[in-house]
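Chains as they are written, first to last, in the UniProt record's numbering: chain E, 1 to 414; chain R, 1 to 328. Remarks on the structure that follows.
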């Protein structure tokens, strides 16, 4: 059952974020913290993906016990559940999910397509058909299955903006790009050369992201040896650009809509933004963040990013000023965060009386701001005038004092 | 300087004569001057005289304080005799009881906390499903106070085993200890022949805590110390209130059943959990363990891995902006 508590986030624009933690709870923030699910460590959320379109939004969650759930992000209602346990006798502990993507392109209502990838490299496309009346009668069909790698562990995967290509990377797995249409491998990276001492750093990619939404050729990958590589598949198989960031493993990377900024989080809680055209550090996000950052999310419209991690805080940052807007303590180790971009529509759809009231209040505030501003402006001008008048007066006073002093001096002399 | 002052004074006197309104202002000025004339010990340039004046002032203060205390005690006594309620004593403000408000402090009715405790890495040890077994080792080089400290730890912590470090990698040792069913691994790090850090690794996949160790006093140097017996030590944990503190407290200490300054009853106390007050036996407490202070530097998720590890908590200098902020 969802539990709700009220929460105040000062200095934060109205938005809604969903976090997923190691006890398998889903929490919706801010204004109201809603909690869905019972605490159970076997249901630890490993990956999550959201399709936040206006009509019929959907959220997909992959858990540690091998289950994938399709959830309504408004009220936490579970639409469909399927499990990969029992297919060729793999234990979920040995072959945990490492990637999940919910396709956003045109889908008929009630159905969705999912791409899952496990750490052993088994990737599969599934389509789920959900009957609206009864949630039990969900038909799941596996459309495609393929093997990403022969050995090693896949740790990260990312689907590009057009949803035609996917990139995989991991421990012992060089980053490789796959075409989803005919599930073939298009491109593989080459390991970086040995350094001047002849030492070879083993391949261990921990996070990947595409540099921009409409270009699948450029992507960024973070490694365990605290390096960030930029790959361009049209140029060469080795990284085009590569730089170090601090001293611990890179754990999360997210792109910005502008197509060249990348946000990077690492294992000791440092968050920074980089310009990938030059590889220069734009700035760090400083705010007493002390635990490893597991996930970063960029809000689609507002200039806000959210980060979460092992210190069990959800932090919201302003992009431009790089200041902390708010931090919410959520009690558990958080594994993932996603933004729910169309919050106002959803409040109406959810028909929650309280929420509607809050929105009304907000709109009233917005209406009220304009005249107030005007008043302020007029006041300011008046004040300015006053100030100028005062200053004149003070000057007059000063001159009076001076004259007095003069008199005294004259008296002393006499 | 002096000439000027005299000049202005004369001027003031003159004005006093003819202007009534300026009267008040002058009085104020005089008061200020008197204040200025009061000699502070720091204004005296001769050191001998300065220290003498300072000592005198201090003594006066002390006497005054003693008088105050005496008066308060007398008041309390009188109130007791009359059967009245004595005035409540003032509570001194310390940095601990004025600590910054922290939202991570655990509340006793938090069901998520219990769920978290039931499922975390050391729940099996706390539930007594696994008996704790501890491996103690050192850094590569170890001498003087290091071995002495370890021998005392071995006497205090039940089921602890010391292994020579040799030239093994710490990651290899972790693997070995996992195979041998150890529940935790303690590494005592010595620098300049003095133990200065403690690394406590939970096994098989528990967190790794790195502590700074300071103010170490061995048993030999504790006045009126006792000697450890075969009893299992009892644990007293207080003030581990935040989420992080709860985590470290429960993990590091409950699993080891030892604590910083180990105290133990001499009489009639054989099992763990039996409290002295319940048994109605007068017990004398004697300190017997090594006494030291630990400061958490980092708490790492997973076993020892400095390069690719993820930290649950790292101490960063930017966090030290207030003395009233506590993390545990």
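Glycine is no exception: its CB is placed at the ideal position from the N, C-alpha and C atoms. These figures come from a predicted structure and were not determined experimentally.
Applying a beta-carbon distance threshold of less than 7 Å, which residues of chain E neighbour residue i?
i, result
"residue 314 of chain R", "268, 269, 290"
"residue 48 of chain R", "Simply none; closest approach about 42 Å."
"residue 115 of chain R", "23, 39"
"residue 301 of chain R", "292, 310"
Which bits of chain R does residue i rub up against, with CB to CB less than 9 Å?
i, result
"residue 78 of chain E", "Here the premise fails: no neighbours, minimum Cβ distance about 20 Å."
Counting along the chain, where does the alpha helix (DSSP H) carrying residue i start and finish?
i, result
"residue 21 of chain E", "Run containing residue 21 of chain E: none in the alpha helix (DSSP H); it sits in the beta strand (DSSP E), 16-21."
"residue 147 of chain R", "145-156"
"residue 245 of chain R", "243-248"
"residue 114 of chain R", "111-119"
"residue 174 of chain R", "170-179"
"residue 124 of chain R", "123-126"
What residue range does the beta strand (DSSP E) around residue i cover?
i, result
"residue 223 of chain E", "215-223"
"residue 128 of chain E", "122-129"
"residue 225 of chain R", "Premise fails: residue 225 of chain R is in no beta strand (DSSP E) and is neither H nor E."
"residue 79 of chain R", "Counting along the chain, residue 79 of chain R falls outside any beta strand (DSSP E), though it belongs to the alpha helix (DSSP H) covering 47-82."
"residue 251 of chain E", "250-255"
"residue 156 of chain E", "153-159"
"residue 451 of chain E", "In the structure displayed, chain E extends from 1 to 414; residue 451 of chain E sits before or after that span and is not available."
"residue 278 of chain E", "Element bounds for residue 278 of chain E: n/a, residue is neither H nor E."
"residue 311 of chain R", "310-314"
"residue 185 of chain R", "184-191"
"residue 137 of chain R", "134-138"
"residue 60 of chain E", "58-63"
"residue 195 of chain R", "194-202"
"residue 212 of chain R", "208-217"
"residue 80 of chain E", "78-83"
"residue 229 of chain E", "227-232"
What does the Cβ neighbour count give for residue i, buried or exposed, with the cut at 16 atoms within 10 Å?
i, result
"residue 299 of chain E", "buried"
"residue 167 of chain R", "exposed"
"residue 47 of chain E", "buried"
"residue 262 of chain R", "For residue 262 of chain R, the predicted structure reports a pLDDT of 39, less than 50, and the residue's modelled location is therefore unreliable. A value from the coordinates is still provided. With 16 or more other Cβ atoms within 10 Å, it is buried."
"residue 272 of chain E", "buried"
"residue 31 of chain R", "exposed"
"residue 148 of chain E", "buried"
"residue 96 of chain E", "buried"
"residue 281 of chain R", "Caution is warranted here: a pLDDT of 43 is assigned to residue 281 of chain R, below 50, making its placement in the model unreliable, and the coordinate value is therefore given only provisionally. Label assigned to residue 281 of chain R: exposed."
"residue 38 of chain E", "exposed"
"residue 53 of chain E", "exposed"
"residue 274 of chain E", "buried"
"residue 164 of chain R", "exposed"
"residue 86 of chain R", "exposed"
"residue 211 of chain E", "buried"
"residue 152 of chain E", "buried"
"residue 150 of chain E", "exposed"
"residue 42 of chain R", "exposed"
"residue 46 of chain R", "exposed"
"residue 35 of chain E", "buried"
"residue 156 of chain R", "buried"
"residue 19 of chain E", "buried"
Listing by chain order, which chain E residues have their CB less than 9 Å from the CB of residue i?
i, result
"residue 324 of chain R", "Ordered by position in chain E, no residue passes the 9 Å Cβ test against residue 324 of chain R, which lies about 15 Å from the chain."
"residue 242 of chain R", "Correct list: empty, because the minimum Cβ distance to chain E is about 10 Å."
"residue 119 of chain R", "22, 23, 39, 40, 41, 42"
"residue 112 of chain R", "23, 25, 35, 39, 331, 332"
Against residue i, what residues of chain R qualify as contacts under a CB-to-CB distance less than 8 Å, listed in chain order?
i, result
"residue 311 of chain E", "312, 313"
"residue 249 of chain E", "307, 308, 309, 310"
"residue 224 of chain E", "307, 308"
Against residue i, what residues of chain R qualify as contacts under a CB-to-CB distance less than 7 Å, listed in chain order?
i, result
"residue 329 of chain E", "103, 104"
"residue 227 of chain E", "Near residue 227 of chain E there are no residues of chain R at all, since even the closest Cβ is about 12 Å away, more than 7 Å."
How many whole angstroms separate the CB atoms of residue i and residue j, which I take to be in contact at a CB cut-off of 8 Å?
i, j, result
"residue 206 of chain E", "residue 284 of chain E", "Not confirmed; about 19 Å, so no contact."
"residue 50 of chain R", "residue 44 of chain R", "4 Å"
"residue 289 of chain E", "residue 259 of chain E", "Between residue 259 of chain E and residue 289 of chain E the Cβ distance is about 26 Å, and since that is not below 8 Å, they are no contact."
"residue 98 of chain R", "residue 201 of chain R", "In fact, because the Cβ distance is near 36 Å, the residues do not count as touching under 8 Å."
"residue 226 of chain R", "residue 287 of chain R", "7 Å"
"residue 203 of chain R", "residue 187 of chain R", "The pair is not a contact, with the Cβ atoms about 13 Å apart (cut-off 8 Å)."
"residue 297 of chain R", "residue 210 of chain R", "5 Å"
"residue 292 of chain R", "residue 216 of chain R", "4 Å"
"residue 145 of chain E", "residue 124 of chain E", "4 Å"
Could you name the residues of chain E that residue i contacts, counting a contact when the two beta carbons are closer than 8 Å?
i, result
"residue 319 of chain R", "288, 290"
Quick check for students: name the residue ranges of the beta strand (DSSP E) that lie wholly in the UniProt repeat "WD" (286-327) of chain E, counting only runs of 3 or more.
293-298, 304-309, 313-318
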